[in-house]
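Asker:
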Amino acid sequence: MRRTQTFAIATILPLALSITACDMSAEDLDSELVGEQDKASSCSSTQGAQVASGLTTHFRQYLNANYPDMDFARDDLAGGSFGGFISSSDCARKQPVIFVHGNSDRALGGTLGGWEDSLEYFEGKGYRSAELFATTYGTGSASDSASYYHSRDNLTQIRSFIEAVLDYTGADKVDVISHSMGVTISRKAIKGGYGHDLLGGGDYNLGAPLTSRIDTFVGIAGGNRGLATCYYTPGVPTCAPTNGFYPGYVFGFSVVGVSDFLEELNSSSRYEGSFRYSIWSSVDEIVGGGCLVWGSNTCRVPGHTAEKKYSSYPYGHIGVRDQTPAVQYQMVANHNVP
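Residue numbers -26 to -1, 1 to 312, in mature numbering (1 follows the signal peptide of the UniProt record, and there is no 0), belong to the letters of the sequence shown in order.
(1) Should ALA300 be labelled buried (16 or more other beta-carbon atoms within 10 Å of its own) or exposed?
(2) Apart from the five residues on each side of it in sequence, which residues of its chain come closer than 8 angstroms, Cβ to Cβ, to ASN198?
(3) Taking buried to mean at least 16 other C-beta atoms within 10 Å of its own C-beta, is TYR287 buried or exposed?
(4) Applying the 10 Å Cβ sphere with the 16-neighbour rule, what's the burial state of residue 313?
(5) Could you give the first and the last residue of the continuous beta strand (DSSP E) run that contains LEU106?
(6) Looking only at its own chain, which residues have a Cβ that is under 6 angstroms from the Cβ of ARG133, when we skip the five neighbours before and after it?
(7) What number of angstroms, rounded off, separates the C-alpha of PRO70 from the C-alpha of GLY247?
(8) On the CB-based measure, 16 or more other CB atoms within 10 Å of its CB, does THR190 come out buried or exposed?
(9) Taking all protein chains shown into account, decide if ALA280 is buried (16 or more other Cβ within 10 angstroms of its Cβ) or exposed.
(10) Tell me whether the beta-carbon of HIS291 lies closer than 8 angstroms to the beta-carbon of ALA202.
(11) Excluding the five sequence neighbours on either side, which residues of its own chain have a C-beta within less than 6 angstroms of the C-beta of SER252, listed in chain order?
(12) Of all the options GLY262, LEU86, LEU173, LEU140, which has the alpha carbon lying nearest to the alpha carbon of CYS204?
(13) Quick check: the Cα distance between ASN310 and TYR289, rounded to an integer number of angstroms?
(14) Give me, in chain order, the residues of the same chain whose beta-carbon lies closer than 6 angstroms to that of THR207; leave out the 5 immediate sequence neighbours on both sides.
(15) How about LEU51: is its C-beta nearer than 8 angstroms to some C-beta of chain B?
(16) Tell me whether THR31 is buried or exposed, calling it buried when 16 or more other Cβ atoms sit within 10 Å of its Cβ.
(17) Comparing alpha-carbon positions, which option in GLY169, GLY231, ASN128, VAL139 lies nearest PHE59?
(18) Which same chain residues, not among the five before or five after SER125, have their C-beta less than 6 angstroms away from its C-beta?
(19) Can you round the beta-carbon distance between residue 324 and PRO221 to whole angstroms, since I take them to be within the 8 angstroms contact cut?
(20) Consult DSSP for ALA271 and reduce its assignment to one of helix, strand or coil.
(21) Which runs of the beta strand (DSSP E) fall wholly inside the region 37 to 98 and span at least 3 residues, in chain order?
(22) By alpha-carbon positions, which one of PHE33, ARG48, SER55, GLU90 ends up nearest to THR298?
(23) Assign ALA182 to buried or exposed, taking buried as 16 or more other Cβ atoms, counted over all protein chains shown, within 10 Å of its Cβ.
(24) Over what stretch of residues does the alpha helix (DSSP H) that includes TYR303 continue unbroken?
(25) Just to confirm my understanding: we take SER121, look at its own chain, exclude 5 residues before and 5 after, and list those with CB closer than 6 angstroms. What are they?
(26) Could you tell me the alpha carbon to alpha carbon distance between GLY47 and GLY226, rounded to whole angstroms?
(27) Here's a check: name, in chain order, each residue in its chain whose Cβ is nearer than 7 angstroms to the Cβ of TYR95, leaving out the five neighbours to either side.
(28) In this structure, does DSSP put ILE260 in helix, strand or coil?
(29) For GLY193, write down the residues that DSSP places opposite it in a beta bridge.
(30) Mind checking who PHE235 pairs with in its DSSP beta bridge?
(31) Any heavy atom of the ligand GDP closer than 7 angstroms to the beta-carbon of ILE292?
(32) For GLY144, which option in ALA23, PHE33, LEU51, SER27 has the closest C-alpha, if you only look at C-alpha atoms?
(33) Considering only C-alpha positions, which residue in the set GLN131, VAL294, GLY167, TYR178 is nearest to PRO42?
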C-alpha cells in the first residue's frame, strides 16, 4: 500500500504524432487482444515510466492542441490527474485503462485516496503511464460531497476524457474502472445521448454511444438504482430526483419517482462495454441498506457479465475499491472473476 488506510468517508457519497511513433502494422491494430492484452507489436522505444501524479508533458501538448477548453490536468489539485506518453517514441503496449473516481474524490490522494492502490498494483503488472489514465471531475473536496450530482460538467469531463485517451493512444478499445458516483457518471458518458441539467445550462448531448470502444467496464460500489441513504433527503443535490441518486418511493405495489437521470440510464443495459463487471459489498456504509433499494440490488451494473461480492469488513465503501486491485486487474486483463 502507498498510503495509510485512514480517511474520512464523504457524507453521501489521439494526434497522429503519437500513433506514428508506434511501429504497428494495420494487421497488428486489427488483431484481437488476449491474455494480458499486450499489443501485437512493441513501441519503437523500450523506455517506460512509472505513473506519477499529473499528466505527462507529451499528453498535455496533445490536449492543448485538441481539447483547449477542457481542464483534464487539474493542476489546481494535488493528484488531480495521471497518464500519458513520456515522449513521441512512446506508445501504449497494453490496452489503456481509464479510472473514474467517486463523489468528492480525485485521481490520486486527497481525503479519500483516489486510485493509489490500484495504480500500484497495475504498475506491478507491467502497466506504465502510457496505459493508465485519470482526471478529476468536481472540486475534489470531501466537504462538497453533498453538492455532487450527475451534472453536465461532470459528465462532459469524463466523456471527453475517454474520447481523448482513445484518440491519443490510438487504441481500438480501452477499459474503464469506476467507483461510487464514478460508476453512474461513466455509464452515462459511455451511453451518450441527451440529458438535462437546469443548473448546468439546460439540455445537452454527449454524442453517440462509445460501447464499441470499451472492452471491459468495472463498476465498484455504484448506486445504479439510487442510494438507500437518499430515501429521505431528496432536497440534497446528491440525492435529487432529477440528476441525483433519489431511489423513488413506494406507491401501491410499485416504486415511482426514481431520479430522472437513473431512469434514463437504466432504460437499456449492456452498453457499457463488451465485458461488464460489478464489485460490491453488502457492508457498504455509504450506499447503505446492504446495497438494496426497495428490494433491488443497486450496486450491480444492470446486465453485468459477472460480479464479485464481499460481505464483511474491510470491504466497506472505500475498502471495496482499495482492497480489490487484483480483482480489478483480472477483470480487465483476463476477463475473469477470481
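The C-beta atom is built at its ideal place from N, Cα and C for all residues, glycine as well. This structure is a prediction, so every number in the text was calculated from the model and none was measured.
Answerer: So, from the data block:
(1) exposed
(2) VAL157, THR158, ARG161, LEU236, LEU239, ASN240, THR272, CYS273, ARG274, VAL275, PRO276
(3) It counts as exposed.
(4) The first residue shown for the chain is -26 and the last is 312, placing residue 313 beyond what the model contains.
(5) 106 to 108
(6) Once the five neighbours on either side are set aside, the close Cβ partners of ARG133 are ALA163, LEU180.
(7) 14 angstroms
(8) buried
(9) Exposed: under 16 other Cβ atoms inside 10 Å.
(10) no
(11) GLY193, ARG274, VAL275, HIS278, GLU281
(12) GLY262
(13) When rounded, the distance between both Cα atoms is 20 angstroms.
(14) CYS213
(15) The chain inventory of the structure shown lacks chain B, comprising one protein chain alone.
(16) exposed
(17) In terms of Cα proximity to PHE59, the closest of GLY169, GLY231, ASN128, VAL139 is VAL139.
(18) ASP171, GLY174
(19) This structure does not reach residue 324, given that the chain is present from -26 up to 312, and the question cannot be answered.
(20) First, the amino acid is wrong: residue 271 is Asn here, not Ala. Here ASN271 sits in strand by DSSP.
(21) When DSSP assignments are scanned along the region 37 to 98, the uninterrupted stretches of beta strand (DSSP E) that are 3 or more residues long and fall wholly within it turn out to be 71 to 74.
(22) GLU90
(23) exposed
(24) According to the DSSP assignment, TYR303 belongs to the alpha helix (DSSP H) that extends over 299 to 308.
(25) PRO211
(26) The residue you asked about is not Gly; residue 47 is Ala in the sequence shown. If you take the alpha carbons of ALA47 and GLY226, they lie about 49 angstroms apart.
(27) PRO299, ALA300, TYR303
(28) coil
(29) Partner(s): SER152, SER252.
(30) None; PHE235 has no bridge partner.
(31) Ligands displayed in this structure: none; no statement on the ligand GDP is therefore possible.
(32) PHE33
(33) When each option's Cα is compared against that of PRO42, the closest is GLN131.
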